[in-house]
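Number of protein chains: 6
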Amino acid sequence: MGGRVVRRIERADRSVIDGLAHAGVATVHEAQGRTGLLGRHLRPIFPGARIAGSAVTISAPPGDNWMVHVAIEQLTDGDILVLAPTSPCYDGYFGDLLATSAMARGCRGLVIDAGVRDVRDLSAMGFPVWSAAVFAQGTVKATLGSVNIDIVCAGAAVRAGDVIVADDDGVCVVPRETAAAVLNKARAREAAEEAKRGRLAAGELGLDIYDMRSKLEAMGLRYE
Amino acid sequence: MGGRVVRRIERADRSVIDGLAHAGVATVHEAQGRTGLLGRHLRPIFPGARIAGSAVTISAPPGDNWMVHVAIEQLTDGDILVLAPTSPCYDGYFGDLLATSAMARGCRGLVIDAGVRDVRDLSAMGFPVWSAAVFAQGTVKATLGSVNIDIVCAGAAVRAGDVIVADDDGVCVVPRETAAAVLNKARAREAAEEAKRGRLAAGELGLDIYDMRSKLEAMGLRYE
Amino acid sequence: MGGRVVRRIERADRSVIDGLAHAGVATVHEAQGRTGLLGRHLRPIFPGARIAGSAVTISAPPGDNWMVHVAIEQLTDGDILVLAPTSPCYDGYFGDLLATSAMARGCRGLVIDAGVRDVRDLSAMGFPVWSAAVFAQGTVKATLGSVNIDIVCAGAAVRAGDVIVADDDGVCVVPRETAAAVLNKARAREAAEEAKRGRLAAGELGLDIYDMRSKLEAMGLRYE
Amino acid sequence: MGGRVVRRIERADRSVIDGLAHAGVATVHEAQGRTGLLGRHLRPIFPGARIAGSAVTISAPPGDNWMVHVAIEQLTDGDILVLAPTSPCYDGYFGDLLATSAMARGCRGLVIDAGVRDVRDLSAMGFPVWSAAVFAQGTVKATLGSVNIDIVCAGAAVRAGDVIVADDDGVCVVPRETAAAVLNKARAREAAEEAKRGRLAAGELGLDIYDMRSKLEAMGLRYE
Amino acid sequence: MGGRVVRRIERADRSVIDGLAHAGVATVHEAQGRTGLLGRHLRPIFPGARIAGSAVTISAPPGDNWMVHVAIEQLTDGDILVLAPTSPCYDGYFGDLLATSAMARGCRGLVIDAGVRDVRDLSAMGFPVWSAAVFAQGTVKATLGSVNIDIVCAGAAVRAGDVIVADDDGVCVVPRETAAAVLNKARAREAAEEAKRGRLAAGELGLDIYDMRSKLEAMGLRYE
Amino acid sequence: MGGRVVRRIERADRSVIDGLAHAGVATVHEAQGRTGLLGRHLRPIFPGARIAGSAVTISAPPGDNWMVHVAIEQLTDGDILVLAPTSPCYDGYFGDLLATSAMARGCRGLVIDAGVRDVRDLSAMGFPVWSAAVFAQGTVKATLGSVNIDIVCAGAAVRAGDVIVADDDGVCVVPRETAAAVLNKARAREAAEEAKRGRLAAGELGLDIYDMRSKLEAMGLRYE
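Protein chains in written order, with my numbering: chain A, 20 to 243; chain B, 20 to 243; chain C, 20 to 243; chain D, 20 to 243; chain E, 20 to 243; chain F, 20 to 243.
Right, dumping it as structure tokens:
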């Protein structure tokens with residue numbers, strides 16, 4: 020029932036992480052074979068943020084944010100806090116004071132399958148959060164959880180040090196070991212898309228660019 | 020199980036369509052007797068858009084966006100894509116490349132009872148979408164659906180060529196045949212509301228303007 | 020089944036109300052012992068508003084907004100309308116005309132466990148609303164409800180004249196009788212937080228500031 | 020806004036209707052090309068019922084069951100009541116008294132995208148209901164709706180006289196005109212399934228019966 | 020933040036309570052003017068139970084069932100436990116051991132706006148529960164709540180000693196002071212319904228029994 | 020994007036698996052430190068089943084049940100199929116024919132974070148299913164998934180060969196390697212509970228049996 024803090028975690032290269040941030044969630048998710056998305060109920064508290072970082076994971080009891088304090092000590096520059104409650108909970112585990120502390124340690128944002136509060140202040144501070152809820156309900160500090168253990172957050176398995184990518188489309192996790200390979204595929208994908216974008220903007224049809232007409236006909240599509 | 024594309028559809032007059040856009044969803048919905056609203060779970064990806072257009076309908080299998088490419092060829096200037104999955108699905112059927120293609124053909128927006136992605140780019144492009152979800156989950160191109168058949172989208176029956184009106188209040192469908200009549204009623208309603216707005220702003224009460232006091236008393240309302 | 024309007028209600032001091040608005044929902048909720056929050060499904064129609072006011076309560080039948088007109092007559096400057104339907108309903112009870120009327124009487128906003136419409140206009144007017152839905156669906160005026168009776172709104176008991184505080188974190192109710200005491204505690208809390216904010220921003224850890232390390236160790240936390 | 024009652028409706032042949040009941044929802048839905056299902060949120064109030072009948076449709080205002088009384092007069096032996104509220108509502112529109120009246124006129128059951136109550140009595144009476152909710156909340160009789168007009172119920176278009184099939188898997192609508200053809204396909208499907216059932220029970224694999232192995236290999240499936 | 024146990028509570032007469040149980044939720048709710056229903060998300064763990072009793076209320080922190088033990092000591096024969104979490108939570112607060120203890124003290128059942136577990140055993144024991152969820156997730160005993168204070172449970176205000184009525188239709192609360200009067204109205208209602216039931220079963224229509232035809236015509240109902 | 024089938028998986032001892040079935044979900048979940056529960060939205064299609072078995076995992080595209088056929092070939096006696104869609108989907112992936120085939124290979128049940136159909140037949144066959152939905156919506160066989168890879172099902176990480184325990188309280192996963200140890204703890208827990216059950220049934224209070232009174236007093240609990 021909790022009680023473990025793993026101090027040393029491996030992280031991906033900073034340049035890889037930043038490249039994944041640039042690519043964004045939809046592209047990264049495609050580049051790793053349509054895997055790694057967290058649930059669509061995680062929504063950003065303000066639009067426009069696009070970040071990536073190394074996951075510092077938190078497994079927390081319902082309504083108890085004690086472990087967030089423990090996790091903040093484990094942060095290094097460029098990390099993202101990723102919190103999963105041990106049973107479904109929408110309380111506000113995190114607010115402006117914790118964000119102040121996390122930012123002081125270089126934290127880039129928070130992904131939480133629970134609630135967050137003080138969102139007006141967090142927005143003003145430019146601290147991005149993807150959460151399952153905005154809810155002012157407070158928490159206690161009475162029961163242990165764990166930090167940097169393997170968790171399942173919003174339906175996706177996340178290990179400490181995995182790369183988290185988050186933007187307006189949601190949140191995606193990339194295993195640390197394959198992050199560089201995924202970045203390469205993402206860049207190839209971006210280049211291919213860029214070429215198509217110009218053709219599509221000029222009025223060419225996807226039916227022709229992707230050579231779909233014969234396949235559709237073979238499947239039996241009828242025009243009336 | 021799908022496989023039909025209807026090429027020729029009737030559309031309402033452009034001036035009627037644009038008039039309905041100006042009136043907005045709440046007024047249009049009232050003007051046609053409180054009918055035609057799509058479900059309230061369809062939300063805009065950015066605030067402030069107010070559009071109307073002719074529906075090009077798409078019936079698509081879950082997790083399969085092949086028919087969107089087929090539908091884009093059927094678009095003419097001023098149309099709106101309206102997609103209903105054949106079973107509930109929240110995958111991201113549509114992103115910035117498809118929007119580029121649709122905009123090149125004069126498409127005014129997308130209404131989709133499923134998911135959309137690349138919303139940061141779509142917002143930057145000014146391409147409005149009303150969707151049931153924002154979700155980066157990709158789709159395949161493996162199974163046929165249909166284009167321009169009758170569909171039920173978010174609980175409302177929509178036929179190809181019907182007028183779709185969408186703004187921050189949601190989405191409403193107006194049958195093509197009655198669009199002009201609905202517009203007339205909407206304008207009358209707007210004029211009546213405008214007159215009342217001034218009186219209400221000056222402090223007059225709806226109780227008096229609408230002559231409600233005697234009816235309320237007859238129903239038994241007691242002031243204590 | 021409804022039919023009562025209470026004309027005279029007690030209100031808290033204006034300065035107390037305004038102080039609670041400044042403190043905001045998360046702080047006020049903590050200051051009164053983590054009680055009084057309305058359900059997290061109530062969301063603001065635009066970000067950034069932070070208000071407080073005296074509740075004028077409305078108990079309304081599903082799909083019937085007649086009592087809103089009755090309630091508006093009971094408003095005085097600084098009040099907030101609080102509407103609970105007698106059974107769950109998401110129709111648009113309230114739009115720009117009613118807002119015009121309410122603003123003319125000094126109303127500061129609306130909290131409604133149901134739907135609202137004309138949100139583009141309401142946003143432009145700067146009239147803040149916290150609602151369970153945005154939905155253009157119209158209502159009728161056929162059945163009585165009550166005004167200024169005790170209600171349960173979004174899971175919280177609200178009496179006419181209680182103080183409502185609302186911001187981007189949600190909505191909180193403070194009993195009129197204890198509002199001044201809650202404000203004192205909120206201010207003390209704010210002062211204490213301000214002191215901690217500086218230390219946290221400078222890199223000190225909550226683990227040290229709150230002296231948590233020995234307690235965590237006693238509970239059995241293991242660092243690995 | 021309502022106010023129409025269509026007296027004369029066409030119905031399918033009784034023998035076709037009864038044949039569809041025997042086939043059940045899953046088979047009928049497949050037999051008509053995977054179309055016609057109502058939303059999965061409609062659930063039976065007791066397990067084991069399997070019925071079919073001709074739809075008598077009701078469009079009812081939220082929280083108002085007046086039109087149910089009007090609809091009951093339109094029932095003939097073998098009909099099923101199908102109610103859609105004009106905006107989402109979960110109140111208990113229907114209870115044991117209405118069921119007594121409907122049964123006296125030969126009604127086989129109720130499909131309602133809203134609430135039902137007195138379910139203990141309804142179960143004891145053997146009157147099957149598929150509903151979106153069980154909720155004791157009462158309704159009023161103050162506003163008109165319509166009977167036997169086209170409706171959308173739980174996401175499916177239903178016309179008066181269409182065949183409704185309902186069992187533990189949910190509810191399906193079959194257009195009156197194609198009901199006989201769908202029944203033929205359903206029977207063919209049942210026969211084909213029966214033959215396969217024996218082979219599967221004997222241990223043969225679907226992979227072999229349906230000759231899937233080569234297709235899976237061609238798609239790239241790898242055994243490890 | 021909790022920490023209070025009220026020992027002495029007033030209860031309604033046993034004969035009144037038992038009469039309300041006999042009437043059932045739908046009738047009692049109507050008899051007190053369509054008020055008092057708890058949310059429809061509270062569902063029984065097995066069908067067929069119909070009970071009434073005096074509320075022993077519990078306000079419990081999320082994921083913490085310590086106060087249930089405290090509440091059980093406050094039970095007397097004929098009571099019903101009513102638990103509301105201080106923030107939304109679906110953990111399994113209650114199982115077969117607690118039910119054994121509660122039954123030993125004469126408890127008639129549990130109403131809980133949270134989760135319950137061991138439902139197979141509870142069903143075998145015949146201990147009825149209305150809950151928001153069935154979920155095996157365990158709870159801790161670390162934080163105080165309160166017993167026999169005023170609570171809001173599933174959207175309804177409940178005071179200790181109020182009468183709780185529960186059956187397959189849901190749960191209703193009746194204030195202790197008005198319980199006898201409500202029972203009288205419920206009995207009158209049952210008698211009136213009984214008379215109508217026979218007429219409806221014989222084929223008479225509600226349109227005639229309730230004399231609705233002229234009112235419908237006056238409202239504008241058109242038969243086609 | 021799928022396409023892998025792992026043929027050889029390790030399984031726990033049959034006697035351990037059967038012991039875990041006997042203990043049931045709530046006890047097993049407690050015995051392994053309150054971990055391993057799948058989401059509470061997985062509900063049994065009929066009450067009373069209590070099973071355990073080795074997981075044969077399926078990762079399936081939305082609306083595509085091809086991989087179920089592949090997985091059935093991998094079943095051995097005592098296994099349980101565990102299916103997670105690659106994006107949220109509620110279609111009916113599984114019905115009576117697949118159940119016939121699975122039962123012929125010794126399968127004990129199905130856990131599926133999606134839909135199931137033919138539930139009347141499945142209940143009659145005694146084939147237990149825990150699913151996120153009952154929905155007749157059919158699926159296609161057009162896209163590859165994978166069998167016996169690591170999956171996340173309803174929020175819990177499941178590996179092929181892990182022990183699945185399921186009953187009316189829900190579903191729990193126990194890692195194969197620790198299954199025997201968890202069984203020992205579960206049995207100890209059952210024995211301890213049995214001893215307490217007798218004392219509680221005799222009227223002793225948990226407050227005394229668990230020696231809670233002094234702790235509650237120390238925390239500040241006040242009796243009034």
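Idealized CB from N, CA, C, for every residue including glycine.
C-beta neighbour in chain B for Gly-21/D, strict 9 Å: Along the fourth sequence, one-based indexing puts residue 21/D at 2. Closer than 9 Å: yes.
DSSP-derived helix/strand/coil call for Gly-225/C: Residue mapping note: residue 225/C aligns to position 206 of the third sequence, counting from 1. Correct three-state label for Gly-225/C: helix.
Span separating the alpha-carbon of Gly-111/A from that of Arg-178/A: Here residue 111/A is taken as the residue at index 92 of the first sequence, counted from 1. Here residue 178/A is taken as the residue at index 159 of the first sequence, counted from 1. About 23 Å.
C-alpha gap between Arg-33/D and Arg-69/D, whole angstroms: For the purposes of this step, residue 33/D is taken as residue 14 along the fourth sequence, with counting starting at 1. For the purposes of this step, residue 69/D is taken as residue 50 along the fourth sequence, with counting starting at 1. Each residue's Cα considered, the two are about 15 Å apart.
Distance between beta carbons of Asp-187/E and Pro-66/E, contact taken as under 8 Å: Sequence index remark: in the fifth sequence, residue 66/E carries index 47 (1-based). Sequence index remark: in the fifth sequence, residue 187/E carries index 168 (1-based). That belief holds up - the Cβ atoms of Pro-66/E and Asp-187/E are roughly 6 Å apart, short of 8 Å.
Ile-70/B - containing beta strand (DSSP E), residue span: Working through the second sequence from its first residue, we reach residue 70/B at position 51. Unbroken beta strand (DSSP E) run through Ile-70/B: 70-79.
Ala-152/A - containing beta strand (DSSP E), residue span: As a working mapping, residue 152/A is identified with position 133 in the first sequence. Run containing Ala-152/A: 148-153, per the beta strand (DSSP E) assignment.
Proximity below 9 Å, CB of Val-201/E to CB of Gln-51/E: Walking along the fifth sequence from the start, residue 201/E turns up at place 182. Walking along the fifth sequence from the start, residue 51/E turns up at place 32. Closer than 9 Å, so yes.
N- and C-terminal bounds of the beta strand (DSSP E) containing Ile-183/F: Residue 183/F sits at position 164 when you count from the first residue of the sixth sequence. Looking at the DSSP string, the run of the beta strand (DSSP E) that includes Ile-183/F is 182-186.
Closest residue to Ser-73/D among Glu-29/D, Asp-37/D, Val-182/D, Val-44/D (Cα-Cα distance): Looking up residue 73/D in the fourth sequence gives position 54. Closest by alpha carbon: Val-182/D.
Beta-carbon proximity list for Gln-156/D, same chain, < 7 Å, skipping 5 on both sides: Counting from one through the fourth sequence, the residue named residue 156/D turns up at place 137. Around Gln-156/D: Asp-110, Gly-111, Gly-134.
Nearest candidate by alpha-carbon position, reference Val-35/A, set Met-144/A, Lys-204/A, Arg-218/A, Leu-102/A: Here residue 35/A refers to the residue found at position 16 of the first sequence. The candidate whose alpha carbon is nearest that of Val-35/A is Lys-204/A.
Distance between Cys-126/C and Val-148/E (C-alpha atoms, nearest Å): Start at 1 with the first residue of the fifth sequence, and residue 148/E comes out as number 129. Start at 1 with the first residue of the third sequence, and residue 126/C comes out as number 107. Cα to Cα, the separation comes out at about 44 Å.
Bounding residues of the beta strand (DSSP E) (the contiguous stretch that carries Ile-64/D): By 1-based counting over the fourth sequence, the position of residue 64/D is 45. From DSSP, Ile-64/D is part of no beta strand (DSSP E); its letter is neither H nor E.
Candidates Ala-31/D, Gly-21/D, Ala-79/D: closest to Gly-197/D by CA position: Counting from 1 along the fourth sequence, the entry for residue 197/D is found at position 178. According to the sequence displayed, residue 197/D carries Thr and not Gly. Nearest of Ala-31/D, Gly-21/D, Ala-79/D to Thr-197/D, Cα basis: Ala-31/D.
Spatially closest choice to Arg-208/E from Leu-116/D, Ser-78/D, Gly-38/D, Thr-54/D, by CA coordinates: The residue you call residue 208/E lines up with position 189 of the fifth sequence. Among Leu-116/D, Ser-78/D, Gly-38/D, Thr-54/D, the Cα nearest to that of Arg-208/E belongs to Leu-116/D.
CB contact check: Ala-176/D to chain B, cutoff 9 Å: In the fourth sequence, counting from the first residue as 1, residue 176/D sits at position 157. Chain B contact via Cβ: present.
Beta-carbon proximity check, Ala-118/A vs Ala-103/A, cutoff 9 Å: Taking the first residue of the first sequence as 1, we reach residue 118/A at position 99. Taking the first residue of the first sequence as 1, we reach residue 103/A at position 84. Result no, Cβ atoms of Ala-118/A and Ala-103/A do not sit closer than 9 Å.
Bridge partner(s) assigned by DSSP for Val-193/E: Working through the fifth sequence from its first residue, we reach residue 193/E at position 174. Bridge partners of Val-193/E: Val-182/E.
Host beta strand (DSSP E) of Gly-134/A (start-end): As a first step, residue 134/A is located in the first sequence; it is residue number 115 there, counting from the start. Unbroken beta strand (DSSP E) run through Gly-134/A: 128-135.
Nearest residue (CA-CA) to Glu-29/C, options Pro-194/C, Gly-217/C, Ala-211/C, Ala-214/C: The count along the third sequence starts at 1 and reaches residue 29/C at position 10. Measuring from the Cα of Glu-29/C, the nearest candidate turns out to be Pro-194/C.
Residues of the segment 46-58 of chain F with Cβ closer than 9 Å to any Cβ of chain A, in chain order: Gly-52, Arg-53, Thr-54, Leu-56, Gly-58
Between the CA atoms of Arg-136/E and Leu-224/F - distance to the nearest angstrom: If you number the sixth sequence from 1, residue 224/F lands on position 205. If you number the fifth sequence from 1, residue 136/E lands on position 117. Approximately 20 Å between the Cα atoms of the pair.
Of the residues Val-190/D, Arg-216/D, Gly-38/D, the one placed nearest Ala-151/D, counting alpha carbons only: One-based indexing of the fourth sequence puts residue 151/D at position 132. Of Val-190/D, Arg-216/D, Gly-38/D, the residue nearest in Cα terms is Val-190/D.
Neighbour flag for Ser-150/D against chain B, beta carbons, 9 Å: For the purposes of this step, residue 150/D is taken as the residue at position 131 of the fourth sequence. Answer no: the Cβ-Cβ gap between Ser-150/D and chain B never drops below 9 Å.
Cβ-Cβ separation, Thr-76/A to Val-101/A (assumed contact under 8 Å), whole Å: On the first sequence, position 82 is the one that residue 101/A refers to. On the first sequence, position 57 is the one that residue 76/A refers to. With 8 Å as the limit, Val-101/A and Thr-76/A qualify as a contact, their Cβ atoms being about 5 Å apart.
Inter-residue Cα distance where the pair is Gly-43/B and Val-192/B: Reading the second sequence from its first residue, position 24 is the one you call residue 43/B. Reading the second sequence from its first residue, position 173 is the one you call residue 192/B. The alpha-carbon atoms of Gly-43/B and Val-192/B are separated by roughly 11 Å.
Member of Cys-172/E, Ala-214/E, Lys-215/E whose CA lies at the smallest distance from the CA of Gly-58/C: For the purposes of this step, residue 58/C is taken as residue 39 along the third sequence, with counting starting at 1. Minimum Cα distance to Gly-58/C is reached at Cys-172/E.
Secondary structure of Leu-94/D, DSSP reduced to three states: Here the question's residue 94/D lines up with position 75 in the fourth sequence. Note: Leu-94/D maps to coil in three-state DSSP.
Length of the line joining the Cα atoms of Leu-240/E and Cys-108/D: As a first step, residue 240/E must be located in the fifth sequence, where it is residue number 221. As a first step, residue 108/D must be located in the fourth sequence, where it is residue number 89. So the two alpha carbons sit approximately 23 Å from each other.
Asp-110/E: contacting residues in chain A (beta-carbon distance under 8 Å): Here the question's residue 110/E lines up with position 91 in the fifth sequence. Ordered by position in chain A, the residues that pass the 8 Å Cβ test against Asp-110/E are Pro-81, Ser-106.
Host beta strand (DSSP E) of Ile-36/F (start-end): In the sixth sequence, counting from the first residue as 1, residue 36/F sits at position 17. Segment 33-42 is the alpha helix (DSSP H) holding Ile-36/F; no beta strand (DSSP E) there.
Distance between Gly-164/F and Ile-131/F (C-alpha atoms, nearest Å): For the purposes of this step, residue 131/F is taken as the residue at position 112 of the sixth sequence. For the purposes of this step, residue 164/F is taken as the residue at position 145 of the sixth sequence. In a straight line, the C-alpha of Ile-131/F is about 15 Å away from that of Gly-164/F.
Of the listed residues Arg-206/D, Thr-162/D, Met-144/D, Ala-90/D, nearest to Pro-82/D (C-alpha basis): Position 63 of the fourth sequence holds residue 82/D. Rather than Pro, the amino acid found at residue 82/D in this sequence is Gly. Nearest C-alpha to Gly-82/D: Thr-162/D.
Beta-carbon contacts of Gly-21/F that lie in its chain and below 6 Å, excluding the five residues immediately before and after: Reading the sixth sequence from its first residue, position 2 is the one you call residue 21/F. So the list reads Leu-163, Gly-164, Ser-165, once near-sequence residues are dropped.
Residues near Gly-128/E by beta carbon distance below 6 Å, same chain, minus five either side: Here residue 128/E refers to the residue found at position 109 when the fifth sequence is read from its first residue. Here the set comprises Ile-70, Ile-99, Pro-147.
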